[in-house]
Amino acid sequence: MYWACITFTNKGSTPATISFNFTVNTSANGTVPFTGGGTVPAGQTVSFKPQTARTYGNCSTGTYDSFEIKFTDGFGNEGSAIVPGGNLDGGGNTCPGNTTCPTC
């Protein structure tokens, strides 16, 4: 599995619902999409771990474009944050059995 760890801290006084959607371009498998989100309670930090199956090969290196995290508190207040693009090092065959990776 390819996986990402998206951590969101809600410093507000009401729960916030967030969503994200981005694609990583890997050296072994081409594009790998990640989509997810959920609710972050007021005053708490929550990590989301979206996963996408890979078709073959080791954990590979990749790059990703800038993407936006959107959030709302359900009362008409909305916001967003831009995450800048970058790159990642898959670390070779570091996932046990080439299927699972660490938790966030």
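Here my numbering is used: the first residue of the sequence shown is 1113, the next is one more, and so on.
Virtual Cβ for every residue (Gly too), placed ideally from N, Cα, C.
Note that the coordinates shown come from a computational prediction; the quantities given were computed from them, not determined experimentally.
- By the Cβ-count criterion, N1122 is buried, with 16 or more other Cβ atoms from all chains shown falling within 10 Å of its own Cβ.
- The closest CA to that of F1132, considering only G1150, N1199, A1165, G1124, is found on G1150.
- Counting every other CB atom within 10 Å of its CB across the protein chains shown gives F1187 a total below 16, marking it as exposed.
- D1185 sits close to T1126, with the two beta carbons spaced by under 8 Å.
- Taking T1135 as the centre and dropping the five residues before and after it, the same chain places the C-beta of T1143, P1145 closer than 6 Å to its C-beta, in chain order.
- Secondary structure at S1131: strand, using DSSP grouped into helix, strand and coil.
- For E1190 and P1162, the gap between their C-alpha atoms comes out near 22 Å.
- The beta-bridge partner set that DSSP reports for A1193 consists of I1181.
- DSSP places T1147 within a strand segment (E or B) once states are collapsed to three.
- Counting along the chain, T1119 sits inside the beta strand (DSSP E) bounded by residues 1118-1121.
- Across the set A1154, G1124, K1182, N1199, the C-alpha of K1182 shows the shortest separation from the C-alpha of G1148.
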